[in-house]
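Visitor: Under UniProt numbering, the residue at position 428 of the sequence shown is numbered 428, and the numbers go up by one with no gaps. From the three backbone atoms N, C-alpha and C, an ideal C-beta is built for every residue, glycine too. Below is the structure I would like to discuss, written out as structure tokens.
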Amino acid sequence: MGDETPLPQSAIQIIQSLLTRKEAARTATLSKSWRSAWLTSPHLELDDSDFERNFSYGEEEDDDFDEDDYDEDEEESGDHPAIDEFSVFAKKTVQRYEDSNLKIESFRLRMNYYKRCKWDDNLIGLAYELIVRALRLGATCLDLQLTGFSDERPILPHEVFEAENLVELSVEGYFIHDLVLDQRVRCSKLESLTLNDVRIKRDMVSRIISVCRLIKKLSLCKIKDNRLQSLGWVCDYLIDFHMLTSLKLQGMRLDSAFLDDLSFRFPNVKDLSLEFCYSRNKIQICSHSLERLELLTQGGWKPKVVLDVPRIRKLAFKCSEIPSVVFISDSKELYESLVSHVCYSFTHRWFLNVSKLLTELRRSKISLYLSVRSSVDMPMSNYDVEDLDGLPSSRHQLEHLMVETNYMRSLTCYAFFDGLFRLCCPKIITQRYPRRGMYHGHKTNNDFLSKMLERGTKGVFSNSCNFMYGLHDLEGVYVKPYDDDGDDDVWILKFNLHKHDTETVQFHLKWKSTS
């Protein structure tokens, strides 16, 4: 034991940085060296959720305090002059760093406006003070998140954009004022910028972008001006970012020229995410560097997506309408595709549209996630297996089929899964239920699917005119519980789900070789 070499403080701090806040705090009890490392970590994180409901009165007693005037309801509501433990802890922590002449590399501040604004008159001042003091301690990475806000938001200190050594900045929920007088944007070393749900004028965005030419990662989500108006077309202020490798836009206005000219505007961009962005019916993306694309749409918008992306490796479509996708260049490197779709009705046309999309993505490993929201059962008179004759004779290979359903009656399940199995051969099927407390519907749908799969392995569905003909070449199935813990328990299908029928399960399917 005496020959053991203690870990250097830098190594301990790296380990602690990989843990959650509470886990890292617990390591302080291991030894003095671990406690010292935790108390002097260069990555400072302050989160008021760690102090929820921890409010106390001052230690000094008030001579004028009258027990009869004490109102328990007032104390429980939080509407009293409490000593805020988070505020005290945050200020003492920063003061300890200052007194010890310690430096920090990153500063993360999490505050909930809604929970504090009713009783904390200094909320806005507290956020301002902590951010400015963190910058003075040398922080080059800032992550500032304000949740539960109303129209009145804390103002982001002007010192943030004047910090010449700032490298990473993430801001959520704050009001960003224009710089005035001798104030200037000086953070020219900035490499990562995230603005989420902030209030900022377009001119200020333009000033930031004109100075911060080294930005590699840019995320603009739900940003509006102080009048809650859109900032206009992004092509007016996002130009010529030659260092940019990752771009995320949410709730922004796009024009066709912006996306069709990505190779010129952002010649090195590899990741592009467009979430709920306004555009016309056609989205044409031209980029010779793009490797990952995520497209999220909402409502009944069914865009035609035209892709000239020869280096694309991963695609993700999350939509309520099946998009029409066309590749105008040979994307030989496409490796993985994810289609997540909210399905309100599954008609003949719907199955054909899904088939067309899977055909375009056939060169990749495909995962299909379907959330079935239809509350109306499909009458059997509206469904005929002959209606699906337009589907390709060779079924699509799926890595993963995830189905999230409301409770569906057996006949509706027949129609839905019959169409799916005629359309594709999934290696894994995960069936989930979107809401808790609906045990009966979840169990019924799981039982239905397991029974159909078991019958398929016995060769019951060998006639193409019968339901579930798509299971005619199913060779075997086994079942596993589906959770985030990586449980490796395996159940033989014939024992079914009797002991675990409240869990989300995965059906692993083995198909007969077609060669």
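Taking 6 angstroms as the limit between beta carbons, can you name the residues of its chain near V132, skipping five residues before and five after?
Guide: The residue labelled residue 132 in the question sits at position 132 within the sequence shown. Counting only Cβ-Cβ distances below 6 angstroms, and skipping sequence neighbours, we find P157, E159.
Visitor: For L39 and T93, I'd like the C-alpha separation in whole angstroms.
Guide: Indexing the sequence shown from 1 puts residue 39 at position 39. Indexing the sequence shown from 1 puts residue 93 at position 93. Roughly 9 angstroms separates the two Cα atoms.
Visitor: Going straight from the alpha carbon of Y174 to that of E85, what length do you get?
Guide: By one-based count along the sequence shown, residue 174 stands at place 174. By one-based count along the sequence shown, residue 85 stands at place 85. For Y174 and E85, the distance between alpha carbons rounds to 23 angstroms.
Visitor: So within the segment 180-253, which uninterrupted alpha helix (DSSP H) runs reach at least 4 residues, ignoring any that extend past its ends?
Guide: You should have 202-211.
Visitor: Under 8 angstroms Cβ to Cβ from C343, same chain only, skipping five residues before and after it: list those, please.
Guide: Taking the first residue of the sequence shown as 1, we reach residue 343 at position 343. Contacts found: W350, L370, S371, V372, R373, S374.
Visitor: Taking D260 as part of the alpha helix (DSSP H), name the residues at either end of that continuous run.
Guide: Mapped onto the sequence shown, residue 260 falls at position 260. Where D260 is concerned, the enclosing alpha helix (DSSP H) stretches over 256-260.
Visitor: Could you tell me the boundaries of the alpha helix (DSSP H) in which I14 lies?
Guide: In the sequence shown, the residue the question calls residue 14 occupies position 14. That run of the alpha helix (DSSP H) goes 9-17.
Visitor: Just to confirm the assignment, what range does the beta strand (DSSP E) spanning W511 have?
Guide: Counted from its first residue, the sequence shown places residue 511 at position 511. Counting along the chain, the beta strand (DSSP E) containing W511 begins and ends at 505-511.
Visitor: Just the C-alpha distance for L179 and D203, rounded to the nearest angstrom, thanks.
Guide: Translated into positions along the sequence shown, residue 179 becomes position 179. Translated into positions along the sequence shown, residue 203 becomes position 203. Answer to the nearest angstrom: the Cα atoms are 10 angstroms apart.
Visitor: Quick check: what's the CA-CA separation for L338 versus M243?
Guide: For the purposes of this step, residue 338 is taken as the residue at position 338 of the sequence shown. For the purposes of this step, residue 243 is taken as the residue at position 243 of the sequence shown. So the two alpha carbons sit approximately 28 angstroms from each other.
Visitor: For R110, tell me which candidate among A139, G148, T140 has the shortest Cα-Cα distance.
Guide: Numbered from 1 along the sequence shown, position 110 holds the residue referred to as residue 110. Selected option, being the one with the closest Cα: G148.
Visitor: So does the segment 162-171 actually touch the segment 186-196, counting three or more Cβ pairs closer than 8 angstroms?
Guide: The segment 162-171 is in contact with the segment 186-196.
Visitor: Check each candidate in Q284, N112, E333, A257 and name the one with the smallest Cα separation from P323.
Guide: Here residue 323 corresponds to residue number 323 of the sequence shown, with the count starting at 1. Comparing Cα positions, the closest option is Q284.
Visitor: Would you call the CB atoms of L401 and L368 closer than 8 angstroms?
Guide: As a working note, residue 401 is residue 401 in the sequence shown. As a working note, residue 368 is residue 368 in the sequence shown. The answer is yes: Cβ separation under 8 angstroms.
Visitor: Taking DSSP as the reference, what is the three-state secondary structure of G125?
Guide: For the purposes of this step, residue 125 is identified with residue 125 of the sequence shown, where counting begins at 1. Reduced to three states, the DSSP call for G125 is helix.
Visitor: If you draw a straight line from the alpha carbon of K224 to that of M252, how long is it in whole angstroms?
Guide: Residue numbering aside, residue 224 sits at position 224 when the sequence shown is read from its first letter. Residue numbering aside, residue 252 sits at position 252 when the sequence shown is read from its first letter. Each residue's Cα considered, the two are about 10 angstroms apart.
Visitor: What are the partner residues of N112, as DSSP defines its beta bridges?
Guide: By 1-based counting over the sequence shown, the position of residue 112 is 112. According to DSSP, which records beta bridges pairwise, N112 is partnered with T147.
Visitor: Should H288 go down as buried or exposed, given a rule of 16 or more other Cβ atoms within 10 Å for buried?
Guide: Residue mapping note: residue 288 aligns to position 288 of the sequence shown, counting from 1. Exposed.
Visitor: Which of the three DSSP states is assigned to L295 in this structure?
Guide: Counting from one through the sequence shown, the residue named residue 295 turns up at place 295. DSSP places L295 in strand when its eight states are reduced to three.
Visitor: Which two residues bound the contiguous beta strand (DSSP E) that contains T405?
Guide: Start at 1 with the first residue of the sequence shown, and residue 405 comes out as number 405. Looking at the DSSP string, the run of the beta strand (DSSP E) that includes T405 is 400-405.
Visitor: Any idea if L358 is buried or exposed, counting beta-carbon neighbours within 10 angstroms, 16 or more meaning buried?
Guide: Along the sequence shown, read from residue 1 onward, the residue named residue 358 stands at position 358. So L358 counts as buried.
Visitor: To which residues of the same chain is F346 closer than 7 angstroms at the C-beta, ignoring the five residues directly before and after it?
Guide: Numbered from its first residue, the sequence shown carries residue 346 at position 346. Closer than 7 angstroms at Cβ, skipping near neighbours: F416, G419.
Visitor: Locate the alpha helix (DSSP H) running through E275, then write down its first and last residues.
Guide: Indexing the sequence shown from 1 puts residue 275 at position 275. E275 -> not in any alpha helix (DSSP H); beta strand (DSSP E) instead, spanning 271-275.
Visitor: Would you please verify whether the beta carbon of L102 is less than 8 angstroms from any beta carbon of chain C?
Guide: Among the protein chains of the structure shown there is no chain C, as only one such chain exists.
Visitor: Should E60 go down as buried or exposed, given a rule of 16 or more other Cβ atoms within 10 Å for buried?
Guide: Position 60 of the sequence shown, counted from the start, is the residue given in the question as residue 60. Legend: pLDDT at E60 = 35, less than 50; position of this residue unreliable, no value from coordinates given.
Visitor: Near C286, which residues of its chain fall below 8 angstroms by C-beta distance, leaving aside the five closest residues on each side in sequence?
Guide: The sequence position of residue 286 within the sequence shown is 286, counting from 1. Hits under 8 angstroms: L259, D260, D261, L262, S263, D308, V309.
Visitor: L146 and Y97 look like a contact to me (Cβ under 8 angstroms); what is the Cβ gap, rounded to whole Å?
Guide: Within the sequence shown, the letter at position 146 stands for residue 146. Within the sequence shown, the letter at position 97 stands for residue 97. With 8 angstroms as the limit, L146 and Y97 do not qualify as a contact, their Cβ atoms being about 22 angstroms apart.
Visitor: For D48, which of S394, V88, L296, G476 has the nearest alpha-carbon?
Guide: For the purposes of this step, residue 48 is identified with residue 48 of the sequence shown, where counting begins at 1. Ranking S394, V88, L296, G476 by Cα distance to D48 puts V88 first.
Visitor: Straight-line CA distance for I200 to Q183?
Guide: As a working note, residue 200 is residue 200 in the sequence shown. As a working note, residue 183 is residue 183 in the sequence shown. Cα to Cα, the separation comes out at about 16 angstroms.
Visitor: Are the beta-carbon atoms belonging to F241 and F266 less than 8 angstroms from one another?
Guide: Position 241 of the sequence shown, counted from the start, is the residue given in the question as residue 241. Position 266 of the sequence shown, counted from the start, is the residue given in the question as residue 266. Closer than 8 angstroms, so yes.
Visitor: Comparing C-alpha positions only, which one of R207, I209, K451, C221 sits nearest to C413?
Guide: The count along the sequence shown starts at 1 and reaches residue 413 at position 413. Nearest option by C-alpha distance: K451.
Visitor: How is G138 classed by DSSP in three states: helix, strand or coil?
Guide: If you number the sequence shown from 1, residue 138 lands on position 138. Looking at G138 - three-state DSSP - the assignment turns out to be coil, as it is neither helix nor strand.
Visitor: Work out the CA separation of S340 and L352 for me, nearest whole Å.
Guide: Taking the sequence shown and counting its residues from 1, one reaches residue 352 at position 352. Taking the sequence shown and counting its residues from 1, one reaches residue 340 at position 340. So the alpha carbons of these two residues sit roughly 16 angstroms apart.
Visitor: Based on Cα-Cα distance, which residue from H508, L30, L449 lies nearest to E475?
Guide: Taking the first residue of the sequence shown as position 1, residue 475 is located at position 475. Selected option, being the one with the closest Cα: H508.
Visitor: By DSSP, does Y369 sit in helix, in strand, or in coil?
Guide: Your numbering for residue 369 matches position 369 in the sequence shown. Of the three classes helix, strand and coil, the one that applies to Y369 here is strand, per DSSP.
Visitor: Let me make sure I understand the geometry here. Which of K480, C212, C425, T20 has the alpha-carbon closest to that of G470?
Guide: Position 470 of the sequence shown, counting from 1, holds the residue named residue 470. For the residues K480, C212, C425, T20, the minimum Cα distance to G470 belongs to C425.
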